[in-house]
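>
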Amino acid sequence: MKVLNVVGARPNFMKVAPIVEAMKRRGAEFAPMVVHTGQHYDAQMSDAFFRDLGLPAPDVYLGVGSRSHAAQTAAIMQRFEPVVVNEKPDWVIVVGDVNSTLACALVCAKLFVKVAHVEAGLRSRDRTMPEEINRILTDQIADLLLTPSRDADQNLRAEGIPEERIRFVGNVMIDSLFSQLKRAEQSTVREDLGVAGKDYAALTLHRPSNVDARVTFKRILEALDQISHRLPIIFPVHPRTRKRIREFGFMDLIERNRNLHLIEPLGYLDFLRLYSGARLVLTDSGGIQEETTALGIPCLTLRENTERPITVEMGTNVLVGTDTERITRAAFNVLDAPQDKQSKQRPPLWDGHTADRILDALLEGTRDEE
Ligand code: UD1
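Quick note: the sequence shown uses numbering that gives the first Met the number 0, first residue 0, plus one each step.
1. On the DSSP bridge list, what partners appear for Pro235?
2. Let me check one thing: in DSSP terms, what residues is Leu279 bridge-paired to?
3. If you draw a straight line from the C-alpha of Met128 to the C-alpha of Phe29, how long is it?
4. Please state the DSSP three-state secondary structure of Leu145.
5. Where does Phe12 sit, in a helix, a strand or coil, going by DSSP?
6. With a Cβ-Cβ cutoff of 8 Å, do Asn209 and Asp283 count as a contact?
7. Between which two residues does the beta strand (DSSP E) harbouring Ala137 extend?
8. State buried or exposed for Lys23, treating a residue as buried only when at least 16 other CB atoms are found within 10 Å of its CB.
9. Within this structure, are the beta carbons of Ile232 and Leu273 separated by less than 8 Å?
10. Smallest Cα separation from His68: which of Ala56, Ser99, Ser186?
11. Measuring alpha carbon to alpha carbon, tell me which residue in Leu54, Arg366, Gly364, Pro147 is nearest Met172.
12. Is the beta carbon of Arg156 within less than 7 Å of some heavy atom of the ligand UD1?
13. Is it right to say Met313 is buried, meaning 16 or more other beta carbons lie within 10 angstroms of its own, or is it exposed?
14. Which residues in the same chain have their Cβ closer than 7 Å to the Cβ of Thr72, if we skip the five residues on either side of it in sequence?
15. Does Arg122 get closer than 8 Å to chain D when you measure Cβ to Cβ?
16. The alpha helix (DSSP H) with Leu378 in it runs from where to where?
17. So, at 6 Å on beta carbons, what are the nonlocal neighbours of Ile165 in its own chain, with the 5 sequence-adjacent residues on each side left out?
18. Mark Leu228 as exposed unless 16 or more other C-beta atoms lie within 10 angstroms of its C-beta, in which case mark it buried.
19. Does at least one heavy atom of the ligand UD1 sit under 7 Å from the Cβ of Tyr267?
20. Going by beta carbon distance, what residues of the same chain come within less than 7 Å of Gly37, once the five residues before and after it are set aside?
21. So, is Gly120 buried or exposed, given that buried needs 16 or more other C-beta atoms within 10 angstroms?
22. Only counting the same chain, and skipping five residues up and downstream in sequence, which positions put a Cβ closer than 7 Å to that of Thr365?
23. Could you spell out the range, first to last residue, of the beta strand (DSSP E) harbouring Ile165?
24. I'd like the span of the alpha helix (DSSP H) that includes Met172, first residue to last.
25. Kindly list the residues whose CB is nearer than 7 Å to the CB of Phe177, restricted to its own chain and excluding five residues on each side of it in sequence; keep chain order.
26. Indicate whether Val6 and His35 have their beta-carbon atoms separated by less than 8 Å.
27. Any heavy atom of the ligand MN closer than 7 Å to the CB of Val97?
28. Applying the 10 Å Cβ sphere with the 16-neighbour rule, what's the burial state of Phe79?
29. What separation, rounded to the nearest whole angstrom, lies between the Cα atoms of Ala183 and Asp51?
30. Can you give me the start and stop residues for the alpha helix (DSSP H) that Ile309 sits inside?
31. Tell me whether Ile92 sits in a helix, a strand or coil according to DSSP, three-state version.
32. Give the single residue among Thr137, Asn11, Leu268, Gln139 whose Cα lies nearest to the Cα of Lys181.
33. Distance check for Gly295 and Leu223, CA to CA, integer angstroms please.
Encoded structure:
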């Protein structure tokens, strides 16, 4: 079975790597190809992940780069269409909720090529997020919806999606996490940053709603300033966020704080090594809410909603929004709580074997057609 695996942006790589690896292992059944749209293209946002995750170099690189949402989505569609026409895959796999996910799913739907969506069914119910639009539309047109949690199944049913298209397989990102945990121990990132054996926090921030609005971004920085009196904060900065820091003139404010350390974006293994040793993680990312849940690390999510409610149910994740006082209070609550009381529950099927269940679902989906 020929399968095109689509990657576009940073959060896609750790979802596709275990799928491609499983397909190679089951080479009698699967012939995988990797298509990279080029939505993310910087060495630190893309190449580093191929290396760290052992993902084979893309068979096809579409090189779309950064543009407005419409222009980026359109460019991906235009460049992906001839690839599908030429390669005639049995299945196309799209993952997550980035523009590349929707663009490639839409191409397949129009060409009547079967497309499977990995990480289907997540909903924040916040349509101001570009990802929410990408999730809803991709799930409407994909043939097979592979969900990471039972709440996702419910969301899909509530949108009228027939049961036979939905399959609960678990969280494939956790396959990558478990398989790389040991290798990440080789990383010297904690030593390099001077936080080995110490309490520190790790921070990521890139959502447009947080960093594109000056007032919101400033409120967050004020909270970070207060938290940094208690422990150092390591902040690998996304290119979007770095741009805004410059535009809003926040660099002085940040540099004055000796305990808030801005660094370049980290590769997969270094970042895993960093957050896995953190006393506390602050983030507005989707994936990091899940990774901290899998490892039982306290996470404060700087958003008002989450498409991943299971992380809150498990007790590791707290939604704290963007209010200075609220973020600070929640951080101090974590720092004042005994560490051994922290949750060690893991959601069902976040077990490191999701990729094989995805492959089984593809085989079954093909048999059903025949
Ligand atoms: C995208 C995804 C988001 C995901 C995030 C992870 C969409 C709608 N958004 O957001 O869901 O959480 O990736 O990182 O698909 N840039 C670079 N180098 C790069 C990539 C981007 O400098 O390799 C800069 C460009 O100036 C670009 C900006 O970052 O304009 C934003 O990139 P873009 O891909 O539009 O969205 P992200 O914010 O990265």
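All C-beta atoms in this analysis are idealised placements derived from N, C-alpha and C, irrespective of residue type, glycine included.
Values in this document were obtained by computation on a predicted structure and should not be read as measured data.
The answer reads as follows:
1. Ile262
2. Ala200
3. 35 Å
4. strand
5. helix
6. Using a Cβ distance threshold of 8 Å, Asn209 and Asp283 count as a contacting pair.
7. The question names Ala, but residue 137 in the sequence shown is Thr. Counting along the chain, Thr137 falls outside any beta strand (DSSP E), though it belongs to the alpha helix (DSSP H) covering 129 to 140.
8. exposed
9. no
10. Ser99
11. Pro147
12. No.
13. buried
14. Asn98, Leu101, Ala102
15. Protein chains in the displayed structure number just one, and chain D is not present.
16. Any question about residue 378 goes unanswered here, given that the chain covers just 0 to 369.
17. Leu144, Asp152, Leu155
18. For the record, residue 228 in the displayed sequence is His; it is not Leu. A residue is called buried once 16 or more other Cβ atoms fall within 10 Å of its Cβ, and His228, having fewer, is exposed.
19. no
20. Tyr60, Leu61, Gly62, Val63, Gly64
21. buried
22. Met0, Asp89
23. 165 to 167
24. 171 to 183
25. Gly351
26. yes
27. Absent from the structure shown: the ligand MN. Ligands present: the ligand UD1.
28. buried
29. 9 Å
30. Per DSSP, Ile309 belongs to the alpha helix (DSSP H) from 308 to 312.
31. strand
32. Leu268
33. Leu223 and Gly295: Cα-Cα distance of roughly 22 Å.
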